[in-house]
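Everything below concerns the one structure shown next.
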Amino acid sequence: MARISDLPRDLIEEVLSRVPLTSLRAIRFTCRKWNDLTNERSFTEKRISEAAKKKQAKEFQVIMIMKSRVYLMSINLYGLETNVDPYLNFKGELISLNDANHQVDISSVFHCDGLLLCITKDISSRRCLMQFLEEMNYFLICFDFTTERFGPRLPLPFHAFGYDQVTLSGVGEEEQLLVLFQHYYTMRLQIWVTSKIEPIDVSWNKLFLAVDLTLLTGFEFLTEDTSFFIDHKENVAVVFDKDCEIATTSNIAYIIGKNGCFKEVDLGESTCPFLCSYVPSSVQIKQI
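Take the sequence shown: its position 174, counting from 1, is numbered 174 in UniProt numbering, and each next residue is one higher.
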């Protein structure tokens, strides 16, 4: 009787590449052969390819922080132009293997090449930061990991001051930087995309979206709580923010299209939601 270990290597790789990321830990403990295979570059590339296929099917994987918990979610935009409501699906939750109840409180996350840097909450180290908004200006600074130095101040494609809203995001596969800008007084929203991003130089030559929010939401997005991502193919932006117009503050996903389409998805109540697009990586972090 044939065993699964007797199957051709390419077939095993194809099967394991479809296993959810949350189950890879169990796969690696099954046998040394599978552990070695799932750590190889070809396997990682196949997983990225599968993620790209899901993206082509208009389904995105995103990381979301709600109530200090980190969740993996999928967002489906299929049918947006035909009046079919988009929807979000829960895929998994980040847990701690070192804690008895497996819970971990996260204040913020940073995503790069499928890896997440999670900053845990530490009440004793909280500090109050006060800023003079009238004098505040916005700029970029890049850190070059090869030289371990910060570069010079880099310009944004607009002039933002005071209470204007500025939020950064990224397109991981294309290695592009996104910036959302909302003017405080006019409430006009712009999303810009970089054509080049280097430690000492940045170029902004594409205005992805420009819309007047007074015609859509009637209020401005909140600076502290806003996060977003874009879909190039569908020409839409998904902005996550809090709706303060109702008695109980809710988290809302605003889906804004270049063709004028506009949708809202209520995510329920929680404090300070955060979202970033996500492409998984099978790279293991070595213990120090």
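C-beta atoms are modelled at their ideal positions from N, C-alpha and C, and glycine is treated no differently. Note that this is a predicted model, so its numbers are computed, not measured.
Are the stretch 228-237 and the stretch 252-262 touching by the rule of at least three beta carbon pairs closer than 8 Å? yes
Mind checking Y185: buried by the 16 CB within 10 Å criterion, or exposed? exposed
Determine the extent of the alpha helix (DSSP H) in which I27 is found, giving its start and end residues. 24-28
C-beta contact flag for W192 and V179 at 9 Å: yes
In the DSSP output, what is D266 paired with across the bridge? I252
In angstroms with no decimal places, state the Cα-to-Cα distance between L7 and V15. 11 Å
Buried or exposed: where does R47 fall if 16 or more other Cβ atoms within 10 Å of its Cβ makes it buried? buried
Grouping DSSP H, G and I as helix and E and B as strand, with all else coil, what is M64? strand
Considering E198, what are the terminal residues of the beta strand (DSSP E) in which it resides? 188-198
Cut-off 7 Å between Cβ atoms - residues of its own chain near R126, not counting five sequence neighbours on either side: Confidence at R126 is low in this model, with a pLDDT of 36, below 50, so the placement of that residue is unreliable and no value is reported for it.
Excluding the 5 residues flanking Q190 on each side, which residues of the same chain have their C-beta closer than 6 Å to its C-beta? F181, A210
So if DSSP puts K206 in a beta bridge, which residue, or which two residues, is it bridged to? V193
Tell me whether F90 sits in a helix, a strand or coil according to DSSP, three-state version. strand
Which residues does DSSP pair with residue 291 in a beta bridge? The chain is shown from 1 up to 288; residue 291 falls before or after that span and cannot be answered.
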